[in-house]
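**Student:**
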Amino acid sequence: MAIATTVLGRLIKAAITLLAIVVLNFLLIHAAPGDPAAVMAGEAGAADEIFIAQLRERFGLDQPLYVQLWNYVGNIIQFDLGYSYRQGAPVFDLIMERLPATLLLTLTAFGISLLFGVAMGVAASARVGRAGDSIITGIALLFYATPLYWAALMAVLVFSVWLGWLPGFGYETVGGGFTGLSRALDILKHLILPATTLGLFFMAVYTRMTRASMLEVVQMDFVKTARAKGLPDRVIRRRHILRNALLPVVTLAGLQAGQLVGGAVLTETVFAWPGIGRLMFESLQARDYNTLLGVFLISAAMVILFNIVTDLVYRLIDPRIGATR
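This is the structure in structure tokens:
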């Protein structure tokens with residue numbers, strides 16, 4: 012019952028937050044320079060004032076800003092994200108077509124970064140002051156300092172162009188005609204480079220955070236008491252040290268999970284991955300306001316969802332947190 016109440020409260024706050032994000036994004040997008048009607052007219056090869064005025068009237072761009080905002084919010088409440096005048100299709104359909112690819116990429120990158128980051132952090136804390144600790148810390152620092160787009164380009168150059176081990180672009184082999192397990196394995200091969208590249212930076216962050224948190228918890232009194240009772244060191248590290256050290260890592264992971272969507276814009280562009288990050292980039296270039304706002308809304312909803320899941324994971328790791336709220 013307590014969990015249900017917590018989730019309901021988070022959902023109400025999420026709805027209010029999303030409404031504020033919708034309004035803010037709408038105002039910011041329309042404050043940016045550039046006229047989508049002029050862009051469409053230029054692509055049509057008829058950039059005269061009459062044709063531009065017709066386009067603005069057709070898509071409601073000639074109405075006052077507050078009227079456009081009122082209509083847009085009303086449509087959002089009815090789960091209508093609008094129509095993409097650039098691509099000639101409903102925005103919701105465009106996003107749903109590409110969202111599975113982005114979810115596959117971001118969730119895989121998140122899993123890679125969290126799993127290997129925590130494992131490397133635990134390994135470093137167990138070898139503090141020794142060569143293993145220095146090597147792991149150095150690797151994490153290198154990944155942290157490497158720009159994402161540069162790492163993506165180098166990954167394509169080394170593993171796809173030079174070594175030929177993995178495909179460098181796309182979601183699956185064009186014209187491959189694979190089905191079933193063969194298609195799944197083909198998608199997996201295309202997923203390895205972008206997911207690993209996207210997860211490197213966050214893996215470095217989790218490595219350093221886990222190491223620091225483990226070294227802090229190991230000095231606490233309850234750990235010394237457990238050792239005084241004669242518990243094996245592996246039990247102490249797993250049940251007492253790691254479980255408490257994961258709390259700040261979970262907090263950071265929940266906050267940064269949404270940032271993966273932002274990082275996916277660069278990753279999907281470099282690797283030609285057909286997700287909403289690439290759709291966002293294409294819409295920005297085409298001044299496709301409705302599609303851009305729809306992508307922003309879905310991205311914000313994903314960030315809020317990750318935060319709600321983080322709260323629930325907190326309760327699973329340490330039930331005392333739920334008791335104090």
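For the sequence shown, our numbering begins at 12 and goes up steadily by one. Even for Gly, the Cβ is constructed at its ideal location relative to N, Cα and C.
Quick one: residues in its chain with C-beta nearer than 7 Å to the C-beta of isoleucine 40, no 5 flanking neighbours on either side, listed in chain order?
**Tutor:** Translated into positions along the sequence shown, residue 40 becomes position 29. Closer than 7 Å at Cβ, skipping near neighbours: Tyr300, Leu303, Leu304.
**Student:** According to DSSP, simplified to helix, strand and coil, what is proline 75?
**Tutor:** As a first step, residue 75 must be located in the sequence shown, where it is residue number 64. Correct three-state label for proline 75: coil.
**Student:** So, for phenylalanine 337: in the same chain, excluding its five sequence neighbours on each side, which residues have a beta-carbon less than 7 Å away from its beta-carbon?
**Tutor:** There is no way to answer for residue 337, as the model of the chain reaches only from 12 to 336.
**Student:** Starting from valine 172 and walking both ways along the alpha helix (DSSP H), at which residues does that stretch end?
**Tutor:** Along the sequence shown, read from residue 1 onward, the residue named residue 172 stands at position 161. Per DSSP, valine 172 belongs to no alpha helix (DSSP H) and is neither H nor E.
**Student:** Which residues mark the beginning and the end of the alpha helix (DSSP H) in which valine 139 is found?
**Tutor:** Taking the sequence shown and counting its residues from 1, one reaches residue 139 at position 128. Valine 139 -> no alpha helix (DSSP H), and no H or E assigned at all.
**Student:** Identify the residues that DSSP records as bridge partners of serine 95: which are they?
**Tutor:** As a working mapping, residue 95 is identified with position 84 in the sequence shown. Answer is Ala100.
**Student:** Quick check: the Cα distance between alanine 112 and glutamate 183, rounded to an integer number of angstroms?
**Tutor:** If you number the sequence shown from 1, residue 112 lands on position 101. If you number the sequence shown from 1, residue 183 lands on position 172. Approximately 11 Å between the Cα atoms of the pair.
**Student:** What does the Cβ neighbour count give for valine 185, buried or exposed, with the cut at 16 atoms within 10 Å?
**Tutor:** Mapped onto the sequence shown, residue 185 falls at position 174. That one is exposed.
**Student:** Quick check: the segment 277-288 against the segment 164-182, are there 3 or more CB pairs under 8 Å?
**Tutor:** Yes, the segment 277-288 touches the segment 164-182.
**Student:** By Cβ distance below 6 Å, which residues in the same chain neighbour leucine 92 in space, the five residues on each side in sequence not counted?
**Tutor:** As a first step, residue 92 is located in the sequence shown; it is residue number 81 there, counting from the start. So the qualifying residues of the chain are Val102, Phe103, Gly305.
**Student:** Figure out for me which residue from Leu295, Lys240, Val272, Gln89 has the closest Cα to the Cα of tyrosine 118.
**Tutor:** Working through the sequence shown from its first residue, we reach residue 118 at position 107. Looking at the sequence provided, one finds leucine at residue 118 rather than tyrosine. Nearest of Leu295, Lys240, Val272, Gln89 to leucine 118, Cα basis: Val272.
**Student:** Would lysine 24 be called buried (16 or more neighbouring beta carbons within 10 Å of its own) or exposed?
**Tutor:** Here residue 24 is taken as the residue at index 13 of the sequence shown, counted from 1. Its Cβ having fewer than 16 others within 10 Å, lysine 24 is exposed.
**Student:** One question on the structure: do glycine 143 and alanine 134 come within less than 8 Å of each other, judged by their Cβ atoms?
**Tutor:** In the sequence shown, the residue the question calls residue 143 occupies position 132. In the sequence shown, the residue the question calls residue 134 occupies position 123. It is a contact, given that the beta carbons lie within the stated cut-off.
**Student:** Going along the chain, which residues of its own chain have a beta-carbon closer than 8 Å to the beta-carbon of valine 34, five neighbours each way excluded?
**Tutor:** Position 23 of the sequence shown, counted from the start, is the residue given in the question as residue 34. These residues qualify, in order along the chain: Leu80, Val84.
**Student:** If we ignore side chains and look at the alpha-carbon of each, how far apart do alanine 215 and leucine 152 end up?
**Tutor:** For the purposes of this step, residue 215 is identified with residue 204 of the sequence shown, where counting begins at 1. For the purposes of this step, residue 152 is identified with residue 141 of the sequence shown, where counting begins at 1. Distance between the alpha carbons of alanine 215 and leucine 152 is about 7 Å.
**Student:** Provide the residue span of the alpha helix (DSSP H) that contains proline 259, from first to last.
**Tutor:** Reading the sequence shown from its first residue, position 248 is the one you call residue 259. Per DSSP, proline 259 belongs to the alpha helix (DSSP H) from 254-268.
**Student:** Tell me whether glycine 187 sits in a helix, a strand or coil according to DSSP, three-state version.
**Tutor:** For this step, residue 187 is matched to residue 176 along the sequence shown. Residue state, collapsed to three classes: coil.
**Student:** In this structure, does DSSP put leucine 242 in helix, strand or coil?
**Tutor:** The residue given as residue 242 occupies position 231 in the sequence shown. Correct three-state label for leucine 242: coil.
**Student:** Taking the C-alpha atoms as reference points, what is the distance between tryptophan 173 and methionine 165?
**Tutor:** In the sequence shown, residue 173 corresponds to position 162, counting from 1. In the sequence shown, residue 165 corresponds to position 154, counting from 1. So the two alpha carbons sit approximately 10 Å from each other.
**Student:** Taking the alpha helix (DSSP H) that leucine 288 belongs to, which residues open and close that run?
**Tutor:** As a first step, residue 288 is located in the sequence shown; it is residue number 277 there, counting from the start. The sequence shown places glycine at residue 288, rather than the leucine named in the question. Run containing glycine 288: 287-296, per the alpha helix (DSSP H) assignment.
**Student:** Using 8 Å as the Cβ pair cut-off and three pairs as the minimum, do the segment 199-208 and the segment 230-244 touch?
**Tutor:** The segment 199-208 is not in contact with the segment 230-244.
**Student:** Judging by CA-CA distance, which residue of Arg97, Met131, Val276, Val139 is the nearest neighbour of isoleucine 150?
**Tutor:** Walking along the sequence shown from the start, residue 150 turns up at place 139. Of Arg97, Met131, Val276, Val139, the residue nearest in Cα terms is Met131.
**Student:** Since phenylalanine 307 and asparagine 36 are thought to touch, with beta carbons under 8 Å apart, how far apart are those beta carbons, to the nearest angstrom?
**Tutor:** Here residue 307 corresponds to residue number 296 of the sequence shown, with the count starting at 1. Here residue 36 corresponds to residue number 25 of the sequence shown, with the count starting at 1. Phenylalanine 307 to asparagine 36, Cβ: 5 Å. Contact.
**Student:** Looking at alanine 239 and isoleucine 247, is the spacing between their C-beta atoms short of 8 Å?
**Tutor:** Position 236 of the sequence shown, counting from 1, holds the residue named residue 247. Position 228 of the sequence shown, counting from 1, holds the residue named residue 239. It is not a contact, given that the beta carbons lie outside the stated cut-off.
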